[in-house]
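Structure first, then comments.
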Amino acid sequence: MPIKTIFFGSPDFALPTLNTLRNSPEIDLRAALTQPDKPAGRGKRLTPTPVKALALEFSLDCLQPASLKDETVLPWLRHYQPDVIVVVAYGGFVPKSIRELPKYGCVNLHPSLLPKYRGAAPMQWAILNGETMTGNSTMYLAKGWDSGDIIYQEIEPILPTDTYGSLSARLAEKGAALIVKSLIDIDLGVAPRIPQSDDDATFAPLLQNEDAKIQWRRPAKAIHDQVRGLNPVPASFTLYQNERWKILRTEVIHEPSREPGRLITTQFNTIRVAAADAVVEILELQPAGGKPMTAAQFLRGRKLIDGVKFD
8 MPIKTIFFGS PDFALPTLNT LRNSPEIDLR AALTQPDKPA GRGKRLTPTP
58 VKALALEFSL DCLQPASLKD ETVLPWLRHY QPDVIVVVAY GGFVPKSIRE
108 LPKYGCVNLH PSLLPKYRGA APMQWAILNG ETMTGNSTMY LAKGWDSGDI
158 IYQEIEPILP TDTYGSLSAR LAEKGAALIV KSLIDIDLGV APRIPQSDDD
208 ATFAPLLQNE DAKIQWRRPA KAIHDQVRGL NPVPASFTLY QNERWKILRT
258 EVIHEPSREP GRLITTQFNT IRVAAADAVV EILELQPAGG KPMTAAQFLR
308 GRKLIDGVKF D
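Numbered according to my numbering, the sequence shown spans residues 8 to 318.
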């Protein structure tokens, strides 16, 4: 019989799994649970999560509790008699009362090779740290964040051209298939269950504003990896004469540097800034109040002064 499944998730990253569960003959997708609608955009209009929008498209019942401890949640879950709850980027801690409700527990997709990069921002931190390899893990939810027994893992290279956006899209698609494989093998009784080593754990906490600000005294490659890891959101930034610029794409130029943060040249429609050991060329940026544009487009309407220092 198909595996009776309820889905917990919220952002775009969760959509491939929701879609794959919906279209898998082995899965009986019964309902979805997501975060409440939130104000978004300039008009601050209440906007549903991407998961809610897709669930409604599928005519799935979709619950949006303010908290999973809300008294309506457990009766709602019991009504659907799930064999398993699949959790992908839901955005909140799943309490024991819910983890123990389904026959097979709660199965989570986490975009790292656990126990590395436990936490809310594993893909961003992997790129920021210059990693060349990451992957997906499926695991059982447990008391600690991202600490449950591992079911399957799948390695994915981080390409030199990858951004957070491109890596996230790939891992989301591949993770959807890994979730379905995990559920089928759990139902067949052949899925592994491998405890994690807490001693080997590393962490990927929520990004703070200071994580996005470019520190020009760092090595050029570290700055380049920061820009990749925070593109498209929240986007790295720097200050030019107190004006905030989002820096969206860069390249490392291996040539002698100057004082870190100094604008070296704008010749040939390029913006090059000194880092600790080399030069960072800004390929694409978004000035305050403006749209994303290439350096050449930006320089057509703006003259920069060589030697000015970025903060």
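By construction, the Cβ of each residue, glycine as well, lies at the ideal position given by its N, Cα and C atoms.
- When secondary structure is reduced to three states using DSSP, P57 falls in the helix class.
- W132: member of the alpha helix (DSSP H) spanning P129 to L135, first to last residue.
- In this structure, D44 lies near P55, with their beta-carbon atoms less than 9 Å apart.
- Contact fails between the stretch 229-236 and the stretch 144-159, because fewer than three Cβ pairs, one in each stretch, are under 8 Å apart.
- Counting along the chain, P294 sits inside the beta strand (DSSP E) bounded by residues V286 to P294.
- The beta-carbon distance between L290 and A302, rounded to whole angstroms, is 6 Å. This is short enough to meet the 8 Å contact definition.
- Relative to the Cα of D192, the nearest Cα in the group T209, G16, Y111 and P164 belongs to Y111.
- DSSP places R256 in no alpha helix (DSSP H) but in the uninterrupted beta strand (DSSP E) bounded by E250 to I260.
- Closest by C-alpha distance to D205, out of R125, V114 and L25, is R125.
- In the DSSP assignment, V234 falls within the alpha helix (DSSP H) that extends over A227 to G236.
- Rounded to the nearest whole angstrom, the CA to CA distance from P32 to M8 is 10 Å.
- The DSSP-derived three-state label of Q160 is strand.
- If you ignore the 5 residues before and after R200, its C-beta comes within less than 6 Å of the C-beta of D156, all in its own chain and listed in chain order.
- Residue pairing from DSSP places I13 in a beta bridge opposite A38 and I92.
- In the pairwise beta carbon analysis, the stretch 13-26 is classified as touching the stretch 88-102: at least three pairs are separated by under 8 Å.
- Looking only at E258, G99 and L53, the smallest Cα-Cα distance to L75 is reached by G99.
- Judged by DSSP in its simplified three-state form, I201 adopts strand.
- Taking all protein chains shown into account, A73 has fewer than 16 neighbouring C-beta atoms within 10 Å of its C-beta and is therefore exposed.
- Between the stretch 219-227 and the stretch 264-282 there are three or more inter-stretch CB-CB distances shorter than 8 Å, so the stretches are counted as touching.
- In the structure shown, the three-state DSSP call for D153 is coil.
- Between the stretch 125-134 and the stretch 75-87, the count of Cβ pairs shorter than 8 Å is below three; the stretches do not touch.
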